[in-house]
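**Student:** This is the structure I want to talk about, given as structure tokens.
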Amino acid sequence: MKAPAETSTKLPARPVDAVVIGASAGGLSALSALVSGLPRTFRLPLLMVQHVPPKGPTQLVEIFQRKTDLAVKEARDKEPVHGGTLYFAAPGYHLLVEADMTLSLSQDEAMHFSRPSIDVLFESAADVWGDRVAGILLTGANEDGAAGLEAIKQAGGLTIVQEPGEAEVPTMPLAALQRFAPDYILPLRDIHRLLRDLE
Numbered sequence: 003m004k005a006p007a008e009t010s011t012k013l014p015a016r017p018v019d020a021v022v023i024g025a026s027a028g029g030l031s032a033l034s035a036l037v038s039g040l041p042r043t044f045r046l047p048l049l050m051v052q053h054v055p056p057k058g059p060t061q062l063v064e065i066f067q068r069k070t071d072l073a074v075k076e077a078r079d080k081e082p083v084h085g086g087t088l089y090f091a092a093p094g095y096h097l098l099v100e101a102d103m104t105l106s107l108s109q110d111e112a113m114h115f116s117r118p119s120i121d122v123l124f125e126s127a128a129d130v131w132g133d134r135v136a137g138i139l140l141t142g143a144n145e146d147g148a149a150g151l152e153a154i155k156q157a158g159g160l161t162i163v164q165e166p167g168e169a170e171v172p173t174m175p176l177a178a179l180q181r182f183a184p185d186y187i188l189p190l191r192d193i194h195r196l197l198r199d200l201e
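Next up, the structure:
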């Protein structure tokens, strides 16, 4: 039987070097709730896959530059990962992290009909950061991210799932909960509080 997840934001005593976040339908408002109010001094990098159409520019960077004091960028191939920065996966490219702490973009096959795929980012982060990464899975309409978040759990990292009852589209959080017991199942306000405590 799966152990119950925490519903409070009491953190385990373990360091975190990076945060990876995945969302699909409803993700923009959810992510806005998470990053709004994070201080400019927030030290961790935030790597985000938001499912978007594969062609054409998005306005994610422009939107979130108005919502947070963090640096906001679209990820570029070979770019070093810096703290205090929110990186968005580029449309049509998977986002990965390399062992030398640089970003990598890939046009490999779509997963769950998605490129960028949340699973690809999460599994990459688990390989590189191991038990020093936190993964957050938010609202969404398919199962992308569930296997990747489980990989973070198996690597010893911190796993957080948005409370399905709060999610605009609960399919993605529920898919994760059907696979394993994450460390936390929380509403957005408590995930935001946890993020502040992580840094």
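Counting in my numbering, the sequence shown runs from 3 upward without gaps.
Built from N, CA and C at the ideal position, the CB exists for glycine as well.
Source: prediction; values computed, not measured.
What residue range does the beta strand (DSSP E) around L188 cover?
**Tutor:** Here residue 188 refers to the residue found at position 186 when the sequence shown is read from its first residue. Note, L188: beta strand (DSSP E), 186-188.
**Student:** Would you mind sorting Q164 into buried or exposed? The rule is 16 or more other CB atoms within 10 Å of its CB.
**Tutor:** To locate residue 164, count along the sequence shown from 1; it is residue 162. So Q164 ends up on the buried side.
**Student:** Three Cβ pairs or more, each shorter than 8 angstroms: is that satisfied between the region 52-66 and the region 159-177?
**Tutor:** Touching, no.
**Student:** Once DSSP output is grouped into helix, strand and coil, what is the label at P56?
**Tutor:** Taking the first residue of the sequence shown as 1, we reach residue 56 at position 54. In this structure, P56 counts as coil in the three-state DSSP scheme.
**Student:** When the Cα atoms are used, what is the spatial distance from I138 to E81?
**Tutor:** Numbered from its first residue, the sequence shown carries residue 138 at position 136. Numbered from its first residue, the sequence shown carries residue 81 at position 79. Rounded to the nearest angstrom, the two C-alpha atoms are 23 angstroms apart.
**Student:** So K155 is in the beta strand (DSSP E); what residue range does that whole segment cover?
**Tutor:** Residue mapping note: residue 155 aligns to position 153 of the sequence shown, counting from 1. K155 -> not in any beta strand (DSSP E); alpha helix (DSSP H) instead, spanning 148-156.
**Student:** Drop a sphere of 10 angstroms on the beta-carbon of P17, count the other beta-carbons inside from all chains shown, and report buried for 16 or more, exposed for fewer.
**Tutor:** Here residue 17 refers to the residue found at position 15 of the sequence shown. So P17 ends up on the exposed side.
**Student:** Any idea what DSSP makes of H194, helix, strand or coil?
**Tutor:** Here residue 194 corresponds to residue number 192 of the sequence shown, with the count starting at 1. Three-state DSSP puts H194 in a helix.
**Student:** DSSP has F90 in a bridge; who is on the other side?
**Tutor:** Sequence index remark: in the sequence shown, residue 90 carries index 88 (1-based). According to DSSP, F90 bridges with M50, E76.
**Student:** Against chain D, does Q67 count as a neighbour if the rule is that its beta carbon must be under 8 angstroms from one of theirs?
**Tutor:** Given the protein chain composition of this structure (a single chain), no chain D is represented.
**Student:** With distances taken Cα to Cα, identify the nearest neighbour of Q109 among L179, R191, S119, H194.
**Tutor:** Start at 1 with the first residue of the sequence shown, and residue 109 comes out as number 107. The residue with the shortest Cα to Cα distance from Q109 is S119.
**Student:** Let me know the secondary structure DSSP gives E24 once reduced to three states.
**Tutor:** The residue labelled residue 24 in the question sits at position 22 within the sequence shown. Looking at the sequence provided, one finds Gly at residue 24 rather than Glu. It is a strand residue.
**Student:** Does A132 come out as helix, strand or coil in the three-state DSSP assignment?
**Tutor:** As a first step, residue 132 must be located in the sequence shown, where it is residue number 130. For the sequence presented, residue 132 should be read as Gly rather than Ala. Note: G132 maps to helix in three-state DSSP.
**Student:** Comparing C-alpha positions only, which one of A101, A143, L98 sits nearest to H114?
**Tutor:** Within the sequence shown, residue 114 is the residue found at index 112, counting from 1. Nearest C-alpha to H114: A143.
**Student:** If you draw a straight line from the alpha carbon of A27 to that of D121, how long is it in whole angstroms?
**Tutor:** Counting from 1 along the sequence shown, the entry for residue 27 is found at position 25. Counting from 1 along the sequence shown, the entry for residue 121 is found at position 119. If you take the alpha carbons of A27 and D121, they lie about 16 angstroms apart.
**Student:** DSSP three-state label for G39, please.
**Tutor:** Here residue 39 corresponds to residue number 37 of the sequence shown, with the count starting at 1. The answer is coil: DSSP assigns G39 none of H, G, I, E or B.
**Student:** Tell me where the alpha helix (DSSP H) around L176 begins and ends.
**Tutor:** Stepping through the sequence shown from its first residue, residue 176 is reached at position 174. Run containing L176: 173-181, per the alpha helix (DSSP H) assignment.
**Student:** Residues in its own chain within less than 8 angstroms of D133 by CB, not counting five upstream and five downstream?
**Tutor:** Position 131 of the sequence shown, counting from 1, holds the residue named residue 133. Closer than 8 angstroms at the Cβ level, and outside the excluded window around D133, lie R16, A157, G158, G159.
**Student:** E83 to V51, Cα distance in whole Å?
**Tutor:** Position 81 of the sequence shown, counting from 1, holds the residue named residue 83. Position 49 of the sequence shown, counting from 1, holds the residue named residue 51. Looking at the sequence itself, residue 83 is Val, so the reference to Glu does not match. Approximately 15 angstroms between the Cα atoms of the pair.
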